[in-house]
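Residue numbers (the UniProt record's numbering), protein chains in the order written: chain C, 1 to 627; chain D, 1 to 644.
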């Protein structure tokens, strides 16, 4: 196997060269943590970081993703930059983004489609209040508001159509009031009163839903109350003997992680939305985290769940790690999408913070080879904490997000790498793709593990491409949602969707879905070719999770959102026809309800319905998701 | 109704002007499929043998038969060796040279629709392509490869019957020009099927080359399209069903000949004079063929049909989700129905795009007038028929700016061997009368050869007249003018003749409406809400239309009578054709039926139809029981037969 040995030795050479050139102090590796990619609170006083305020609109955008101070924009010189101070990318210039943006979408910086700057409060319908409910609530001492801004903020998730409408200043049905329970017993009171006064409750955690799960049903005539769990955000106890923590379900991912870190622990659950999404939301949607290969998905992480339903509280009687007591009642709760009750407290597994973390990346000559490598890694069950494979389009996208290089030397190095890969190794820049890796654990094992994975990669023609590329890949997942807002300023709309699929179908599914998107766009009059790209984000024994990004320039279309929805619908049909699942972790919500029966069979759907009927006969939890 | 069709270009024109050798050696750079996985013919074999699908079947067969897997693998490898093509450009160049010479001698022109070629060029790049030519002559696939070479398109690999392979040298030549050989029947042979289907699918998936096969399965001896087979169609569609390909483009190709090379050969075969086994020496003897004039040849490349859009809403692809894709799966009932429907539709596209020459009209008229016609009246009737055919959407190639009589005499000249012309009177007849004394039976056979040859031209236009003719016949036999009565008669005839003609199953209402529409447009009928009324001027058209189908009805009647009158209880399949033939011969000698009743094709179709309609029952493999008096359908048929 001459080619293997030559490529692995070449790889080694590359690594050595890179090592010499970067001259990074060894121990800095340890501090390169995943959290560095997402927004950080100032280092000086980590423990005093403020939790999510009741008036979220004070720090977060009302009509876009994330923090108000962080956004992409094209400055006067036409260069892209990212504002604010929260992210590694903040304050940096991204010189190649403009060209990529204009080239990919046929967009033009002269053609702007700005958003309505502020909420048009007169467009918000007056609240339909249930006075007796409010009175009883007041007596119970639960915080509440029917301020229009509070209500508008909780009327949507982050689906394209939701954000698009807000940007245009269109506001549909919004909750009639917001309540902020501060503990489990508050929730019990609220649910009891809601049942008593026949009020519709919609639980609201981080508000990051992308399945129309938070949309108020149009047909709902009762008063709709948004139950905001953000004030239930305490870690109630940490059990170091059993490595568990008991946490209130309203806590958001980054706060949970940061607070556990202070005790030397972590949950390791890091969904891409972890800056904003909540523990309760994870449970309610069957969330999946980037590092599930080590820590597991949410269903593997929970030991105990407490949920308040109209029938009362559901929970198990002990903290045993596994039970054979009939079907696991947790699985009625996991993925119930707020249709059965409110998750209030969760006991979760915790792990000591890993001693060492290391990013990495591998370049493959093409996507097929990349998938074959991931499959082999999964077969050998040696997946790192995270391993993701981007296709060529996404690789180029990632490149467009490279910040301005600080020195000539670095740019020389970049040129050298590019030359080596494309000219010396003969990779076609229009076919190559890159896998990003994250290793975690104790140092020795990480290095050993790293070698094992790189050796497998070499068998599939993969070349190690450095830690920077890897880290930038993960950063992308945190800023991509901000990028959508930038696109929307210039007539570009887009979204992501995901699926899970058996290994043997991964390639076919990726190709067919991407092609279907391109074709549907063309048929529906989209003037410019869309961006249709995917990546394999999770590996399992029997298959993988695939994530698609899809965006297009909508100039010339009279109803772009409708076109977008039709294309997304077609793409989902294509996924299902190619053996993909309805959702890997985004959930069903109202967006994908129509396929539920096909997905779980009529009997399956009937089972779920009968549970709903027993638990919530009055349909108090009336968000109409899932069923 | 009249579709805009593309213009033609004669490719021989260029051949007559420039060097064939230079043409054969020119730089050939075909447009390629964008998803092409480059691989050589030899690599193809190993990909197929190592495929999950074949490995699975090998293990299965080995465990069922007790043979070792190595043994079964070896067997698979032998099957593949026997089957596989080994396409070589040098052979193609050889053919390009020799065929240029041959075509120039045989044909006045070979006309191709260039727009179709351009569409194909586009289609070839986007998705794997399957070429579906009609099959009337051995020339068909030689011509296809020749054309694709000429237009710088990728050369196809062609599914050919095993009988070719027995032709020593030629078999290998064909193999090197892209033919792969399949056994005519391998129904139960799992291993064979697996090797075969995997071989075809691999070539399709990798975009190795366009796959070419004949939907009709074999050459049509009658020039009518044959009921399509769905086996290969299923194989080429499955990669789409299973998500292995985004789409597959099916390109129906209609090849028509002004004069068919095998003309009298086919007629003799239909009359039971056995077909000579394909052999190289036979081919050499056929050199005589080269000295004759076969007029023009037309190749029409139809619009590519996307399997994806065909299957839209009809095939639920998720039915393939629950079984690993390498495990062979019998097509579900839905899929089966879809395949058959698609196959029929594709054959109908072939029919519609088939170019018809004036001779086809003349042949139709001459067959209807066994005593012959005066030239002037023939010209007049031909002109009338031409307008009728055009109104019904026929793709007629009628020379511009030429008097009808001129066109007629040109056609007669080309087909003079079927005719006798004396003193301005034209008649179908035997031209080269044998010297020796002939028995009346022999004379009948000689005349039948001429009639069946001529019928093969009339048959080319049948698809144009078929639906209105069925309606005309239904009207004649219906008890009233009521629409339902007429429809019932129409539907019954449609059922009886669905082995004979291309009638898409399940399309009876559409066909009926189409027939009504065409005849109404022509002013023959008035279709009221509940009634269908013949117009005063419609008589001649209706009479013409029903006599188009008359020979078939008579033929079916002969088979019917034979079954009723002549047979004892049990009849074996083998005996059937000769027995019906001699029965028909007797009737012809007595002047009771037409020559076409002698056609074995018609006899087989009739039997198949009676079987399907449960008027006849198959007892065991070779014996039939005729249920004339108990069969449910026959009483309905009798009045119709009696009426005519």
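Positions of the beta carbon are idealized from the N, C-alpha and C atoms, including for glycine.
Could you name the residues of the same chain whose beta carbon sits closer than 7 Å to that of residue i, not counting the 5 residues immediately before and after it, in chain order?
{"i": "residue 130 of chain C", "result": "197, 199, 223"}
{"i": "residue 535 of chain D", "result": "523, 524, 525, 526"}
{"i": "residue 588 of chain C", "result": "211, 337, 582, 596, 625, 626"}
{"i": "residue 86 of chain D", "result": "41, 175, 176"}
Who are the near neighbours of residue i in its chain, counting only those whose CB is closer than 6 Å to its CB and skipping five residues on each side?
{"i": "residue 318 of chain C", "result": "none"}
{"i": "residue 446 of chain D", "result": "430"}
{"i": "residue 512 of chain D", "result": "487, 490"}
{"i": "residue 339 of chain D", "result": "230, 233, 234"}
{"i": "residue 554 of chain C", "result": "491, 493, 560"}
{"i": "residue 35 of chain C", "result": "With a pLDDT of 47 at residue 35 of chain C, under the threshold of 50, the predicted position of this residue should be treated as unreliable, though the coordinate-derived value follows. None."}
{"i": "residue 169 of chain C", "result": "116, 120"}
{"i": "residue 158 of chain D", "result": "141, 178, 179, 212"}
{"i": "residue 19 of chain D", "result": "none"}
The beta strand (DSSP E) spanning residue i covers which residue range?
{"i": "residue 551 of chain C", "result": "543-553"}
{"i": "residue 134 of chain C", "result": "Run containing residue 134 of chain C: none in the beta strand (DSSP E); it sits in the alpha helix (DSSP H), 131-140."}
{"i": "residue 202 of chain C", "result": "200-204"}
{"i": "residue 251 of chain D", "result": "249-257"}
{"i": "residue 392 of chain C", "result": "No beta strand (DSSP E) contains residue 392 of chain C, which is instead part of the alpha helix (DSSP H) from 392-400."}
{"i": "residue 419 of chain D", "result": "419-422"}
{"i": "residue 297 of chain D", "result": "296-301"}
In chain order, what residues of the same chain have a beta carbon less than 8 Å from the beta carbon of residue i, not counting five sequence neighbours either side?
{"i": "residue 578 of chain C", "result": "501, 505, 508, 509, 512, 513"}
{"i": "residue 552 of chain D", "result": "497, 500, 596, 602"}
{"i": "residue 13 of chain D", "result": "109"}
{"i": "residue 138 of chain D", "result": "219, 261, 262"}
{"i": "residue 382 of chain C", "result": "449, 452, 453, 456"}
{"i": "residue 622 of chain C", "result": "200, 201, 202, 217, 220, 222, 224"}
{"i": "residue 542 of chain C", "result": "502, 503"}
Going by CA-CA distance only, name the one from the options that's closest to residue i.
{"i": "residue 216 of chain D", "options": "D:292, D:38, D:539, D:502", "result": "D:502"}
{"i": "residue 268 of chain D", "options": "D:221, D:234, D:80", "result": "D:221"}
{"i": "residue 367 of chain D", "options": "D:485, D:458, D:83, D:246", "result": "D:458"}
{"i": "residue 324 of chain D", "options": "D:461, D:52, D:145", "result": "D:52"}
{"i": "residue 598 of chain D", "options": "D:557, D:82, D:123, D:617", "result": "D:557"}
{"i": "residue 554 of chain D", "options": "D:81, D:584, D:537, D:545", "result": "D:584"}
{"i": "residue 472 of chain C", "options": "C:181, C:603, C:400", "result": "C:400"}
{"i": "residue 227 of chain D", "options": "D:345, D:113, D:319, D:255", "result": "D:345"}
Under DSSP, the alpha helix (DSSP H) around residue i begins and ends at which residues?
{"i": "residue 512 of chain C", "result": "506-523"}
{"i": "residue 333 of chain D", "result": "333-352"}
{"i": "residue 169 of chain C", "result": "That residue, residue 169 of chain C, is in no alpha helix (DSSP H); it is neither H nor E in DSSP."}
{"i": "residue 384 of chain D", "result": "375-391"}
{"i": "residue 567 of chain C", "result": "560-577"}
{"i": "residue 555 of chain D", "result": "539-561"}
{"i": "residue 173 of chain D", "result": "168-176"}
For residue i, count neighbouring Cβ atoms within 10 angstroms of its own Cβ and tell me buried if that reaches 16, exposed if not.
{"i": "residue 253 of chain D", "result": "buried"}
{"i": "residue 364 of chain C", "result": "buried"}
{"i": "residue 272 of chain C", "result": "buried"}
{"i": "residue 161 of chain C", "result": "buried"}
{"i": "residue 29 of chain D", "result": "exposed"}
{"i": "residue 108 of chain C", "result": "exposed"}
{"i": "residue 537 of chain C", "result": "buried"}
{"i": "residue 65 of chain C", "result": "buried"}
{"i": "residue 241 of chain D", "result": "buried"}
**Length-filtered (4 minimum) alpha helix (DSSP H) runs lying within the stretch 47-85 of chain D** = Those alpha helix (DSSP H) runs which fall completely within the stretch 47-85 of chain D and span 4+ residues are 52-65, 69-83.
**Runs of beta strand (DSSP E) lying entirely within the stretch 268-355 of chain C, each at least 3 residues, in chain order** = 302-309, 312-314, 342-349
**Prompt:** Enumerated in chain order, which unbroken segments of the beta strand (DSSP E) with a length of 3 residues or greater are wholly contained in the stretch 461-489 of chain C?
**Reply:** Taken in chain order, no unbroken stretch of beta strand (DSSP E) lies wholly in the stretch 461-489 of chain C with a span of 3 residues or more.
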